[in-house]
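Quick notes on the structure that follows.
Protein chains: 2
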Amino acid sequence: QLSRLRDRFSLRTHIIRWIIFILIGIITAVIACTIDIVIEELSELKYNFLKSSVDDNVTVNKSGGDLALPYLWWLLLSAVPVAIGAGMVTYIEPITAGSGIPQVKSYLNGVKIPRIVRVKTLAVKSIGVITSVVGGLAGGKEGPMIHAGAVVAAGISQGKSTTFVKDFHIFKAFRDDHEKRDFVLGGAAAGVSAAFGAPIGGMLFSLEEAASFWNQNLIWRTLIASIISSFTLNIVLSAYHGVSGLTFTGLFNLGKFDHPLTFEYFELPLFMLLGVMGGLMGAAWNFLNTQINKFRSRFVPWRAGKVCEAVLVAILGVTLACAMIYYINDCRPLGNDPTIHPVQLFCEDNEYNAVAALWFQTPEATVRALFHDPPGSHKILTLAVFTIVYYLLSCSTFGLNVSLGVFIPTALVGAAWGRLVAMLLFYMFPEAQFLHPGKYALIGAAANLGGVLRMTISLSVILMETTGVETSFFFPLIIALISAKWVGDYFNDGIYDTVIEVNHVPMLPWEPLPQYKGLTAQAILSKPVVCIKLRDRAHYIYEVLHKCNHNGFPVVDDVEGDRRSEGRVCGIILRSQLIVILLKSLYVENQRFWQQETTIQTFRDVYPRYPSIQSVKPLDRKFNYTVDLSMFMNPSPVRVNTYDSVPRIFNIFRALGLRHLLVINNENRIEGIITRRDFIYK
Amino acid sequence: QLSRLRDRFSLRTHIIRWIIFILIGIITAVIACTIDIVIEELSELKYNFLKSSVDDNVTVNKSGGDLALPYLWWLLLSAVPVAIGAGMVTYIEPITAGSGIPQVKSYLNGVKIPRIVRVKTLAVKSIGVITSVVGGLAGGKEGPMIHAGAVVAAGISQGKSTTFVKDFHIFKAFRDDHEKRDFVLGGAAAGVSAAFGAPIGGMLFSLEEAASFWNQNLIWRTLIASIISSFTLNIVLSAYHGVSGLTFTGLFNLGKFDHPLTFEYFELPLFMLLGVMGGLMGAAWNFLNTQINKFRSRFVPWRAGKVCEAVLVAILGVTLACAMIYYINDCRPLGNDPTIHPVQLFCEDNEYNAVAALWFQTPEATVRALFHDPPGSHKILTLAVFTIVYYLLSCSTFGLNVSLGVFIPTALVGAAWGRLVAMLLFYMFPEAQFLHPGKYALIGAAANLGGVLRMTISLSVILMETTGVETSFFFPLIIALISAKWVGDYFNDGIYDTVIEVNHVPMLPWEPLPQYKGLTAQAILSKPVVCIKLRDRAHYIYEVLHKCNHNGFPVVDDVEGDRRSEGRVCGIILRSQLIVILLKSLYVENQRFWQQETTIQTFRDVYPRYPSIQSVKPLDRKFNYTVDLSMFMNPSPVRVNTYDSVPRIFNIFRALGLRHLLVINNENRIEGIITRRDFIYK
């Protein structure tokens with residue numbers, strides 16, 4: 001009967017878990033939609049205003065043209081939103097800077113990153129990404145949307161919010177790090193799915209890039225979250241765009257290719273070359289970006305400076321764009337104009353300026369344009385200059401104190417040079433019918449993304465899902481991506497891993513590093529270890545907690561006097577538990593007062609933010625009382641022998657998701673302790 | 001400099017590993033092509049002959065029709081190939097019976113299954129599947145192709161074949177169980193990819209269904225193998241079918257849907273209902289099949305009986321098909337005939353018999369027909385009877401001693417009832433335009449597959465890739481599949497897991513079972529443990545190896561007399577190593593003869609098939625000599641404490657891919673040993 005009770009409990013937990021994943025999908029999608037729609041509306045307003053401003057000023061004074069006023073308007077409309085966004089990020093929640101993917105990845109690896117999954121973070125990130133994209137910085141909304149999904153997941157699954165100091169007293173069964181991590185993974189998948197309308201891509205993304213731990217059930221759960229998310233997005237956006245009828249159309253964020261893309265076998269080497277080029281350009285981008293960010297962290301340490309810097313980059317972007325529009329004369333006949341804001345500028349009547357068309361919209365719309373504009377929509381010079389300008393702009397943007405992702409600008413640069421390659425080849429071989437510029441733009445985008453991000457499968461699936469190309473086109477995409485990744489990996493790491501490394505986050509790799517080979521625990525353990533006796537004085541514990549900030553303390557027995565570090569190991573106790581013991585005065589001497597009501601829940605209630613030792617008053621008279629840890633400690637800590645090999649210890653550490661691991665000798669006496677950092681920095 | 005040398009060695013290993021994966025892809029595809037083409041050619045011959053036989057006999061005697069001769073021919077052309085196939089499987093290599101997926105799955109979980117990845121197995125399996133499909137049994141070639149991929153992978157990666165007693169002395173770096181398993185996983189993915197022309201599906205299949213261990217690099221490698229495989233297949237099949245030009249077309253084994261499939265939101269509940277139906281039918285199928293197989297193993301234990309049984313099922317199939325053709329009068333006008341062998345039979349001129357069209361081709365072609373035939377190609381009665389007949393036939397076929405997979409018949413049954421549902425609904429609501437019968441056949445196939453196999457993601461991707469539907473149709477597919485899986489899981493396990501369970505294969509699940517909760521090592525360990533002293537007599541070792549068939553023996557020290565099981569653990573030694581020691585007489589007394597040339601290679605040479613203890617001559621005079629195990633043993637076996645919790649021990653066991661694990665007490669003395677079986681059967 002007990003087992004049936006347990007079964008029912010476990011079934012209930014199962015169903016609740018599924019409900020949470022579905023909720024994660026829905027809410028993530030709603031947030032993503034909101035960001036999406038606000039960005040679209042505001043950008044529409046901005047570029048409409050700029051277009052009419054340009055039209056007004058140039059038409060008056062036809063021959064010379066006075067772009068000064070539109071330029072100033074443009075500056076204003078870029079600098080102000082960027083200043084707001086950068087200010088919020090810098091002054092309210094600095095953790096929201098950047099795309100958020102490296103942080104989510106580190107979190108999923110088991111690294112504690114403070115404030116990464118709070119509601120406040122989500123709010124700042126959302127507003128930050130809206131203002132930055134509307135401001136016209138070379139960045140995308142995708143990274144922040146993924147981060148948003150992670151926050152939503154963490155918030156819902158825990159049933160409480162520390163930002164609002166509100167505990168709904170639901171979902172208590174899921175309040176531990178492992179469960180929370182699984183939900184966050186689902187949230188990240190839902191975020192990808194909402195950002196691109198790519199459910200399979202979202203699932204694969206979380207598998208390829210985000211996750212550090214895997215099991216079969218997780219595949220399922222993340223898939224559900226990402227499918228629900230893309231479906232919700234679809235319904236909301238259909239309603240918003242006023243699509244009539246109930247037919248499900250699918251989302252093609254980067255525009256659907258109308259004709260199925262085909263390719264000839266002899267194009268494969270060409271795709272491979274594009275991949276190599278993407279790898280080289282991506283590796284250079286990563287290197288350059290890292291250098292710029294090093295420079296930044298050295299010379300712009302003050303907050304105000306960081307905001308100014310973001311505004312400066314925005315101004316630089318506008319200025320370069322204006323200069324391009326002014327100096328490059330690329331007029332195309334109206335009529336088959338694929339742009340929504342055709343600007344006449346200095347062109348003849350019935351013509352529009354193709355350069356302005358590239359700049360007078362969000363980067364995402366420009367990617368769409370490069371994929372789908374008919375052949376002959378741009379001059380070669382236009383695309384060449386655009387590639388260089390955008391390459392440098394995106395490189396200086398990533399790392400600013402704004403909430404922006406790197407996906408869209410990278411895809412944009414790639415699409416530009418991919419299209420450029422097709423145009424150059426077509427110029428040389430005018431009879432080559434296969435040189436469809438949109439196809440090459442897609443391959444170029446894939447190659448450039450591969451070179452910068454070093455993901456392959458999820459990227460190709462995402463690109464396939466967002467452009468609706470056939471599965472038979474998977475092969476060229478993956479060839480370009482793999483070539484890009486291999487070439488890029490020869491030079492440096494992907495941009496996310498670079499960010500993680502620069503920030504000295506102790507990420508555990510997937511497999512033991514080759515340099516572990518032949519080492520034993522002896523070589524990497526940390527010592528001396530601070531131990532606590534099975535029955536120790538409160539005073540000593542208080543001092544130890546003050547003196548060192550270790551997270552776990554071995555509990556020892558069989559100790560002569562105060563030579564604790566020579567005792568036999570009998571368990572381990574966490575810092576947080578010791579603090580709770582001191583705070584609640586759980587001493588042997590007053591056992592009769594607390595023994596009844598103290599359960600495991602006493603310790604769980606404070607998860608995930610434990611009080612610090614400073615909150616314990618030091619002048620308590622009970623400090624000479626005794627603490628009996630046998631009631632509280634974990635009696636079977638993971639122990640390894642001094643002579644065990646490091647690769648195996650690593651595997652145990654990683655598989656069990658440990659934070660610390662005791663090293664003992666053959667007599668079960670403590671020799672040292674191993675934490676995450678010992679694997680990476682020794 | 002040493003580290004650079006190691007780097008170069010590791011780079012070389014890396015490159016070789018990639019080359020092996022590419023080779024696996026190519027060779028698997030070539031084998032799959034061969035099977036494919038032979039089946040196609042032979043079936044073409046068979047059904048062409050039958051068609052003309054029917055035409056001849058019926059035309060002569062128009063009114064009554066004499067189907068006796070064609071029926072006899074059909075019987076002969078079915079029974080003979082099936083008898084050959086069943087005979088080969090039964091008498092030459094019984095392990096090739098069935099689809100092979102459960103066996104590959106168990107192998108990848110770390111269970112040793114003898115002869116599963118040998119060249120001989122591959123040969124028998126290939127011929128077996130060709131004869132069985134040509135014989136017309138209700139089975140598919142897909143499962144065996146996946147098994148073939150696994151064999152190819154194991155063979156190539158080890159650079160030697162035991163069947164041909166040939167060692168190429170290459171790829172020696174990969175001769176261990178872990179590496180071999182990774183290659184086999186890649187081979188399985190390549191097999192799926194070749195069977196369906198679905199590279200992403202192949203990768204996901206190996207992830208969702210086959211794999212038991214995962215890390216990020218594996219995703220990559222399996223993807224490469226499956227892409228190369230589908231590409232090779234594409235080239236070979238294009239050449240074979242004489243497709244002109246070099247344009248890559250992609251493979252659509254189940255026929256490409258010409259018009260993009262769309263759906264309305266209100267169809268989603270309908271898809272869910274189809275899923276529920278698929279779950280119910282699948283669960284019933286699994287139950288029925290298990291019962292039939294239990295009956296079989298009880299009442300047909302002799303080899304000849306097994307062959308007869310297969311022939312009987314073939315005859316039953318032909319008889320039922322003939323009866324259907326004879327009694328159901330379903331004539332359709334020629335012209336838009338989607339079948340390649342239109343049989344007139346008793347129909348008017350310019351008409352063909354739709355029932356015969358269902359039967360006069362391979363099951364795969366029938367699936368294609370059900371997906372793509374225009375509306376109104378069948379009577380409702382035809383499909384209803386066909387569903388029932390094929391359901392029962394496929395149920396009695398899986399488990400016969402023939403090499404056949406379960407994918408195609410399951411899809412076929414599902415496609416039949418899916419189409420039937422659409423036709424019934426259309427009959428009731430003739431104005432419902434959305435009731436495209438092909439679409440519902442696809443959803444029905446998905447639902448039925450989900451109900452029987454209980455996979456979801458890989459199945460939906462495979463179906464998408466083989467029919468070329470849009471990614472926006474992913475959602476209905478996954479809804480049907482998930483409903484089917486949930487409903488099915490309520491009743492029983494998927495068919496592969498059922499087969500594994502019936503055969504008592506000790507598969508380690510992904511996560512600790514709920515019933516482990518609260519248990520400690522004490523509860524599941526096996527004892528007493530047979531130990532060996534650090535310096536023990538050869539005679540004792542010889543006796544121990546004879547008496548018990550354990551695979552690993554703890555090496556103990558600090559022993560009083562012969563009370564070995566009370567000694568302190570200092571290492572572990574494998575049975576195979578002990579046998580090699582005895583065979584090569586590696587004793588302390590004659591150390592000077594062997595110490596020079598004995599290295600780790602001495603022990604690795606015999607991998608993977610170690611000699612048995614029977615090959616050691618018992619009357620050797622050296623049997624009183626001493627063996628010093630400190631030179632040979634593994635000095636740091638994985639040890640856990642008696643009081644450690646079982647879920648954690650399970651996690652360590654699984655993560656490290658262990659075969660045995662020592663349980664010690666606080667004084668490092670042996671308490672017991674835990675193996676794979678202890679987790680599952682205690």
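Residue numbers (my numbering), protein chains in the order written: chain A, 1 to 682; chain B, 1 to 682.
Even for Gly, the Cβ is constructed at its ideal location relative to N, Cα and C.
Review point. Considering only the beta carbon of each residue, do A/Ala190 and A/Thr34 sit closer than 9 Å?
Key: Here residue 190 of chain A is taken as the residue at index 190 of the first sequence, counted from 1. Here residue 34 of chain A is taken as the residue at index 34 of the first sequence, counted from 1. Contact flag unset, no.
Review point. Are three or more beta carbon pairs between the stretch 490–499 of chain B and the stretch 92–108 of chain B nearer than 8 Å?
Key: yes
**Study point:** Burial state of A/Gln158, where buried means 16 or more other Cβ atoms lie within 10 Å
**Key:** Within the first sequence, the letter at position 158 stands for residue 158 of chain A. When all chains shown are included, A/Gln158 counts as buried.
**Study point:** Nearest-angstrom Cβ-Cβ length linking A/Asn624 and A/Ile495, presumed shorter than 8 Å
**Key:** Position 624 of the first sequence, counting from 1, holds the residue named residue 624 of chain A. Position 495 of the first sequence, counting from 1, holds the residue named residue 495 of chain A. Not a contact, Cβ separation roughly 56 Å.
**Study point:** Residues of the stretch 468–493 of chain B with Cβ closer than 7 Å to any Cβ of chain A, in chain order
**Key:** Gly468, Glu470, Thr471, Ser472, Phe474, Phe475, Ile478
Check your understanding: Residues of chain B with CB under 8 Å from A/Gln216, in chain order?
Key -> The residue labelled residue 216 of chain A in the question sits at position 216 within the first sequence. Within chain B, the residues near A/Gln216 are Glu208, Trp510.
Check your understanding: In terms of DSSP beta bridges, what is A/Ile227 paired with?
Key -> Taking the first sequence and counting its residues from 1, one reaches residue 227 of chain A at position 227. Paired residues: none, contrary to the question.
**Study point:** Secondary structure, beta strand (DSSP E): runs of 3+ residues fully inside the stretch 608–663 of chain A
**Key:** 626–628, 639–641
Check your understanding: Who are the neighbours of A/Asp644 on chain B, taking C-beta pairs under 7 Å?
Key -> Position 644 of the first sequence, counted from the start, is the residue given in the question as residue 644 of chain A. The contacting residues are Ser636.
Practice item. Note down the Cα distance separating A/Tyr352 from A/His178, rounded to an integer number of angstroms. Key: Within the first sequence, the letter at position 352 stands for residue 352 of chain A. Within the first sequence, the letter at position 178 stands for residue 178 of chain A. C-alpha separation (whole angstroms): 56 Å.
Practice item. Per DSSP, which residues does A/Asn353 bridge with? Please list them. Key: Here the question's residue 353 of chain A lines up with position 353 in the first sequence. A/Asn353 is bridged to A/Cys331.
Exercise for review: Starting from A/Asp489, follow the alpha helix (DSSP H) in both directions and report where the run begins and ends.
Suggested key: Taking the first sequence and counting its residues from 1, one reaches residue 489 of chain A at position 489. Run containing A/Asp489: 474–491, per the alpha helix (DSSP H) assignment.
Exercise for review: Could you tell me which chain A residues have their CB closer than 7 Å to the CB of B/Leu223, listed as they occur along the chain?
Suggested key: For the purposes of this step, residue 223 of chain B is taken as residue 223 along the second sequence, with counting starting at 1. Here the neighbours are Ile457.
Check your understanding: For B/Ile457 versus B/Leu204, is the C-beta distance shorter than 9 Å?
Key -> Position 457 of the second sequence, counting from 1, holds the residue named residue 457 of chain B. Position 204 of the second sequence, counting from 1, holds the residue named residue 204 of chain B. Contact: yes.
Check your understanding: In or out: A/Met428 buried (at least 16 other Cβ within 10 Å) or exposed?
Key -> On the first sequence, position 428 is the one that residue 428 of chain A refers to. Classification for A/Met428: exposed.
**Study point:** A/Leu574 - DSSP class collapsed to helix/strand/coil
**Key:** On the first sequence, position 574 is the one that residue 574 of chain A refers to. Reduced to three states, the DSSP call for A/Leu574 is strand.
Exercise for review: Would you kindly check if the distance between the Cβ of A/Asn448 and the Cβ of A/Gly278 is under 9 Å?
Suggested key: What you label residue 278 of chain A is simply residue 278 of the first sequence in a count that begins at 1. What you label residue 448 of chain A is simply residue 448 of the first sequence in a count that begins at 1. A contact, by the Cβ cut-off of 9 Å.
Point to revise | Nearest to B/Arg325 (by Cα), restricted to the options B/Phe299, B/Leu583, B/Leu582, B/Leu383 | key: In the second sequence, counting from the first residue as 1, residue 325 of chain B sits at position 325. Contrary to the premise, residue 325 of chain B reads as Ile rather than Arg in this sequence. Checking every option, the nearest Cα to that of B/Ile325 belongs to B/Leu383.
**Study point:** Closest Cα partner of B/Phe474 within the set B/Val461, B/Ile482, B/Trp486, B/Lys485
**Key:** The count along the second sequence starts at 1 and reaches residue 474 of chain B at position 474. Cα-wise, what sits closest to B/Phe474 is B/Val461.
Review point. Which same chain residues, not among the five before or five after A/Ile541, have their C-beta less than 8 Å away from its C-beta?
Key: Sequence index remark: in the first sequence, residue 541 of chain A carries index 541 (1-based). Contacts found: Ile532, Leu578, Ile581, Leu582, Val627.
Check your understanding: Is the Cβ of B/Ala68 closer than 9 Å to any Cβ of chain A?
Key -> As a working mapping, residue 68 of chain B is identified with position 68 in the second sequence. Not an interface residue.
Exercise for review: Compare the Cα-Cα distances from A/Leu400 to each of A/Gly128, A/Pro430, A/Ile680, A/Val58 and report the closest residue.
Suggested key: Locating residue 400 of chain A in the first sequence gives position 400, counting from the first residue. The shortest Cα separation from A/Leu400 among A/Gly128, A/Pro430, A/Ile680, A/Val58 belongs to A/Gly128.
Review point. Are the C-beta of A/Val60 and some C-beta of chain B separated by less than 9 Å?
Key: The count along the first sequence starts at 1 and reaches residue 60 of chain A at position 60. Its pLDDT being 49, under 50, A/Val60 is placed unreliably in this model, and the value from its coordinates should be taken loosely. It does not: the Cβ of A/Val60 has no partner Cβ on chain B nearer than 9 Å.
Review point. Mind checking B/Met631: buried by the 16 CB within 10 Å criterion, or exposed?
Key: As a first step, residue 631 of chain B must be located in the second sequence, where it is residue number 631. B/Met631 is exposed by the Cβ-count criterion.
Point to revise | Minimum C-alpha distance to B/Glu267 - residue among B/Asn634, B/Val82, B/Ala480, B/Pro363 | key: Here the question's residue 267 of chain B lines up with position 267 in the second sequence. Looking at the Cα atoms, B/Ala480 is the closest of the given residues.
Review point. Is B/Phe297 buried or exposed, if buried means 16 or more other CB atoms sit within 10 Å of its CB?
Key: For the purposes of this step, residue 297 of chain B is identified with residue 297 of the second sequence, where counting begins at 1. Going by the sequence as given, residue 297 of chain B is Ser instead of Phe. Exposed: under 16 other Cβ atoms inside 10 Å.
Practice item. With 8 Å as the limit, tell me which residues of the stretch 552–586 of chain B have their beta carbon closer than that to any beta carbon of chain A; keep them in chain order. Key: Arg568
Exercise for review: Anything in chain A within Cβ reach of B/Leu656, meaning under 8 Å, just list it in chain order.
Suggested key: Taking the second sequence and counting its residues from 1, one reaches residue 656 of chain B at position 656. What B/Leu656 touches in chain A: Arg648, Asn651, Ile652, Ala655.
**Study point:** CB contact flag (A/Met85, A/Thr131, <9 Å)
**Key:** Taking the first sequence and counting its residues from 1, one reaches residue 85 of chain A at position 85. Taking the first sequence and counting its residues from 1, one reaches residue 131 of chain A at position 131. The amino acid at residue 85 of chain A is misidentified as Met; the sequence shows Gly. In contact: A/Gly85 and A/Thr131 (Cβ atoms closer than 9 Å).
Practice item. Kindly say whether B/Ala189, judged by its beta-carbon, lies nearer than 9 Å to any beta-carbon of chain A. Key: Working through the second sequence from its first residue, we reach residue 189 of chain B at position 189. No, B/Ala189 does not count as interfacial toward chain A.
**Study point:** Cα-Cα separation between A/Pro611 and A/Lys617, rounded to whole angstroms
**Key:** For the purposes of this step, residue 611 of chain A is taken as residue 611 along the first sequence, with counting starting at 1. For the purposes of this step, residue 617 of chain A is taken as residue 617 along the first sequence, with counting starting at 1. Those two C-alpha atoms are separated by around 12 Å.
Check your understanding: In terms of alpha-carbon separation, which member of A/Thr319, A/Gly672, A/His147, A/Asn329 lies closest to A/Leu72?
Key -> Along the first sequence, read from residue 1 onward, the residue named residue 72 of chain A stands at position 72. Selected option, being the one with the closest Cα: A/Thr319.
Point to revise | Three-way DSSP call (helix, strand, coil) for A/Val555 in this model | key: Position 555 of the first sequence, counting from 1, holds the residue named residue 555 of chain A. It is a strand residue.
Exercise for review: Count the other C-beta atoms from every protein chain shown that fall within 10 angstroms of the C-beta of B/Asn665, then say buried if there are 16 or more, exposed otherwise.
Suggested key: Counted from its first residue, the second sequence places residue 665 of chain B at position 665. The residue in question, B/Asn665, is exposed, as its Cβ has fewer than 16 Cβ neighbours within 10 Å.
Check your understanding: Between B/Phe21 and chain A, is there a C-beta pair that is closer than 9 Å?
Key -> By one-based count along the second sequence, residue 21 of chain B stands at place 21. Answer no: the Cβ-Cβ gap between B/Phe21 and chain A never drops below 9 Å.
Practice item. Could you list the residues in the stretch 657–670 of chain B with a C-beta less than 7 Å from some C-beta on chain A, going in chain order? Key: Asn666, Asn668
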